[in-house]
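Accompanying notes for the structure given below.
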Amino acid sequence: MSIFRPLRVLILEDHAVDAELILDELRQFGFELKWQRVELQEDFRANLRDDLDVILADYSLPQFTAVQALEELHEVGLDIPFIVVTGSISEEVAVHCLKQGAADYLLKDRLARLGPAVVNALEDKRRRVEKQEAEEALRESERFARSTLDGLAAHIAILDETGTILAVNRSWRAFAKANPPITTNVFEGANYLGVCERAVGPASEGAAEFSAAIRAVLKGERESFEMEYPCPSPTEQRWFVARVTRFPGAGPVRVVVAHENITRMKQAELKLSEERNLLRTLIDNLPDRVYAKDLEGRFILKNLVDTRQMGAVSTDEVIGKTDFDYYPPELAAQYYTDDMAVLQSGQPMINHEEPATTADGATGWMLTSKVPVHDNEGKVIGLVGIGRDITERKLTEKGLIQRSKEIDVLYQASQQLSRSLDLNEIYQIAYQVISKIMDCDTLFISSFNEETQRIHCLLGYIDGKQIDVNQLSPIPLAAEGQGMQSRVIRTGVPLCISDYEQELSNSPHFYLAPDDGSELQAFHIPYNTHPRSALMVPLKYQGRITGVLQLCSYRLNAYSEHDSRILEALTNQIAITLSNARLFADLEAERSLLKQRVIERTAQLNHTKDRIETILNSSSDILILCRVDGRIDQVNPAFDHAFQYSSEEAYGQPLTHLVMPEYAAKLEKVFASVVKHQQPERLEIAAQCRNKESFEADVVISPIVQYDSKLIGVVCSLRDITERRKMEAQLRQMLEHEMELGELKSRYVSMAAHDLRNPLAAIQTSVQAMEKYYDRLTPGERQTRYENIHRSIGDMLDLLNDILIFGKAGSGKLAFEPNKMDMIRFAQDLVTELQQATSSGYRIKFTYSDRGHTAFMDAKLLRHILTNLLSNALKYSPSDSPVTFDIQCDEQHMTFRIQDQGIGIPPADQDRLFEAFHRATNVGSTPGTGLGLAIVKQSVDLHGGTISFESREGEGTTFIISLPQPLTLMEKDV
Amino acid sequence: MKKVLVIDDNEALRLELLNILRLEGYEALGARDGREGVLTAQQHLPDLIISDINMPVLNGFEFIVELRRDARTEHIPVILLSGGSELPYGLQTDAAGYLPKPCTVDEFLAAVKTQIGD
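So the sequences go chain by chain: A and B. Residue 36 is where the first sequence starts when you use my numbering, and the numbers rise one by one after that. Residue 603 is where the second sequence starts when you use my numbering, and the numbers rise one by one after that.
Written as structure tokens, this is what we have:
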């Protein structure tokens, strides 16, 4: 044999020669030996190693035996083939050895069998080891399968070809225990198909389907199948997936049934789909344009708004396309540049205003934000964009900035104007304000004189320089429909001329002055200016047109309707300021007049006082010298004059004869007292003259005492005090009158001040609110405040007007100046005026008698009377009730009757109706000054007429005025 | 929110005061005269009332008397807006304070805040 197999041998042999023989035999058989010979038990044990291939042992040694060696080997636990090699051996011994675990035995004289015996023993050991390993592997495999199944969360059952459950895993068992109604009796040994087919209730259909599917797998019609099914429990809606898989390969038919709880996945899926739906609905319903683009700028998402704005029919149509497919090239390029900036930098672009176009070709503005989209690793994979159409806002902003500027300027103007009462200053302010907010290459303010029918230029600016208007002659009002200024004056409506040249070609350039026939140039000709457009607004004062403000620009179409309104508002403001200035001037005049009157009265008083003093000084006292017994001794010349007695006649007469009998006793008593006490005393008596006339006299009776204190006589000094008494009475009366006047004045001043306070408080509060909250108020709220201020100023003006008229009447300045007039025409005009002034004026039903229309009355006063009564009737009655106004004439009187169906006058107020500042308690919030009826009363009084009324609260009031009508007299005069 | 009732027959002034109060964060109610003021106060029970004196129907003094008759409204402080001449009479009522008319917005707000705070 040429095969050399390595063999590690332990040989138990006491005879070295025998051992050598045995080893030679093995070498010859082809083994390459590594060997060790031992004789003793200790050495045997010491050399037992698991790398030994074979042990060869002599049966019997001097101190050891093969059987003992086998025992030793077992004890150590090594599986090494053990062959007994002996000189002789009996059958029993051999059997014993084999029983003890020896692999073989052979005789020393038959060594040729040794090689094959070793080979066999080695082969046996190899098989033994292999079998052990296989068994181990099987056990491990089973353990692996079992643990794996039990470790799975899925509920798993293994079925045999009949559908009977062979095994279930731990999850299956746990689920079955936890859900007894669903999974009764589904453990090992039960037939799962039967269980499924016997299922009842809502899940039975699914169970039957499932069972059929398992059968198909069992029959080999399909390898596996999967189905999802809902599995409700009392606490939650659960979802399961069942997988049935056939065992692969040969062997009996087996299938795996695995149920897996996918509720969480299902819920997540549902939630995700809901969210996706919500998101889609959200972005589709956003008013903004929403889109997403990939790295190349291709659309990967679009909402409905954006799709529509782009002019595409459906969202699908635009997916994959780019801005270049829909927008003009420059716009698309700009968008692309922005997109790339965001994609490359990874930085969002927020609230970027950019131009935009819509499908219908309109251009506008968008507020766009583009945000990069990152994947999980933070890499930019695209962008999301949101665009909002801000075209409207942009336009509004532009308009608002302009409006805000105008309002600012107007506000400043109103503030400046309200501070100014100087005419020139007012014009300057007007020019500055107007030039700030509109074209103002030339500006002219002219006034219209109704009497002369001429237009006077008051102020002119050309190219920012004020010109000397005195160089401009007044021009006459042009004929109807001609001349631009004249048209504005005639119509009272602003005129906006967009092309001035063309307008001029339709208007006469020159006016003929009626006086001298010389040509006068219109305002637009001087200084060779060439305006292209113009705006003219009327200046109005108390409803009458007093002039024109004319603006020109070198541009065409420089003025709009809006400019016209602003300019009108401004001119109204100017007009109010102007009238304010006039009213304040009037008030000032009134005040200085009153002052003048007080000075005059004081001078008068002083004069009176002088006169009294003169009288007293010039007429010396009456002096009477009496004897102690009371008889007259001597008198002075004044006595003669006063008593008309001569000195001689008086002599010896008792003093008591000089007084009225009723004073005699008093005089005697005082005389006696003076004589007795020698002290002067004073009394007043009524003296009696010779002609029995009497006068009051102040008497001082003084004793005349000699140096030795002896009373030698009595002197009576009489003073005629009649004149003085009269003077005193006169003085007292004058003082009282003056005091009354003063009181009246102060009462009116206090009431007027009080009533002026209300609108003033409103104005002040509005102005301050404007200052304090200007930024927080909307333009509309600011406008409301301007209107409130205007209204309050209007209220103040009404009140001031009434005070002026009333003041004039009170100071006797309201003169009665009657003129011949056509009463019906006058009244008719008045009614028309009222109708135009208030929308409710058309309620007036005017009737009159058909004769005696000519009257001789004061038109101004009559206007006060009728305007006040008619406007009261309108004011204090429902807006749909009629007001009747009737005029009747007879020979002596003209009777006016004004009747309404209004709120009436409460009885308590009727007595004080004509008192100034008194208003009835039921007027509510209807505005009024409380002066109207006082003015009416004064005007009626000045006519020498009467006024009366009948009124019932809630039913209405009738005023009847009767004015004397000296018509016949007048006609005679005529 | 504190509630303030403003009573004044001058509509422009009343509306302006109401606006200012609202801008300052108060709830503001208005009435045109004392009678309307009493009814509004009973209905809304404001924290403070600012009333003009010289008004139709019920004047400021009469208004306070009416207001104090009702247990619900008797404690509500009233600030009277005074044109000046009524003050000697006003001093005899139990008004919580007086404001001259016209007064500045700051005086007005200071008076309101003194009574009921911000």
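By construction, the Cβ of each residue, glycine as well, lies at the ideal position given by its N, Cα and C atoms.
In the DSSP annotation of this structure, the continuous segment of the alpha helix (DSSP H) that includes I524 of chain A starts and ends at 519–526. L832 of chain A has its alpha-carbon roughly 16 Å from the corresponding atom of H899 of chain A. Y883 of chain A has a beta carbon lying at 7 Å or more from every beta carbon in chain B. For E618 of chain B, the closest Cβ of chain A is nearer than 7 Å. Chain order gives the chain A residues near I622 of chain B as T800, Q803, A804, K807, Y808, where near means a beta carbon separation below 9 Å. Within the segment 691–717 of chain B, contact with chain A at the beta-carbon level (separation under 7 Å) is assigned to K703, P704, T706, V707.
Restricting attention to A:F245, A:E256, A:M262, A:T298, the CA atom closest to the CA of T270 of chain A is found in A:T298.
The Cβ atoms of L45 of chain A and L87 of chain A sit closer than 7 Å to each other. Within the segment 813–901 of chain A, the complete alpha helix (DSSP H) segments at least 4 residues long are 814–845, 858–872, listed from N- to C-terminus.
Where P999 of chain A is concerned, the enclosing beta strand (DSSP E) starts and stops at 991–999. Taking 7 Å as the cut-off between beta carbons, the residues of the segment 821–832 of chain A near chain B are N823, R826, S827, in sequence order. Boundaries of the beta strand (DSSP E) around P41 of chain A: 40–47. If you ignore the 5 residues before and after L650 of chain B, its C-beta comes within less than 6 Å of the C-beta of V606, P679, Q717, I718, all in its own chain and listed in chain order.
Interface with chain B (7 Å Cβ-Cβ cutoff): A796 of chain A is included.
Interface residue (Cβ-Cβ distance to chain B less than 7 Å): R792 of chain A is classified as such. Under the Cβ criterion of 7 Å, A614 of chain B is counted among the residues facing chain A. Cα atoms of F881 of chain A and E816 of chain A: separation of roughly 42 Å, rounded to the nearest angstrom. Contact check for I938 of chain A and A908 of chain A: beta-carbon distance about 11 Å, past the 8 Å limit, so the pair fails to qualify. In chain order, T956 make up the part of chain A whose C-beta sits under 7 Å from the C-beta of V659 of chain B. Contact between the segment 459–469 of chain A and the segment 818–831 of chain A is absent: fewer than three C-beta pairs spanning the two stretches fall below 8 Å. Per DSSP, A152 of chain A is not a residue of any beta strand (DSSP E); the alpha helix (DSSP H) it occupies stretches across 149–186. Around the beta carbon of Q927 of chain A, fewer than 16 other beta carbons lie within 10 angstroms, which makes this residue exposed. Close partners of L607 of chain B in chain A (Cβ separation under 8 Å) are lacking, with about 17 Å as the shortest Cβ gap. Partner residues in the beta bridge of R281 of chain A, as assigned by DSSP, are A:V290. The DSSP-derived three-state label of Y227 of chain A is helix.
Neighbours of L625 of chain B in chain A, taken as residues at a C-beta separation under 9 Å, are given in chain order as A804, K807, Y808, R811, L812.
Judged by DSSP secondary structure, N621 of chain B falls within the alpha helix (DSSP H) whose first and last residues are 613–625. Three or more Cβ pairs closer than 8 Å define a contact, and the segment 342–352 of chain A falls short of that threshold against the segment 372–382 of chain A. Taking the C-beta atoms as reference points, A630 of chain B is found no nearer than 7 Å to R637 of chain B.
Of the residues B:C705, B:E709, B:A712, B:L711, the one whose Cα lies closest to the Cα of I798 of chain A is B:C705. Proximity of the segment 563–578 of chain A to the segment 521–537 of chain A meets the contact definition, three or more beta-carbon pairs being nearer than 8 Å. At a Cβ-Cβ threshold of 7 Å, Q644 of chain B and D672 of chain B count as neighbours. For the pair of segments examined, the segment 60–68 of chain A was found to touch the segment 135–153 of chain A: the number of CB pairs separated by less than 8 Å reaches three. For the pair I720 of chain A and A787 of chain A, the CB atoms are not nearer than the 7 Å cut-off. For E719 of chain A, the three-state secondary structure derived from DSSP is strand.
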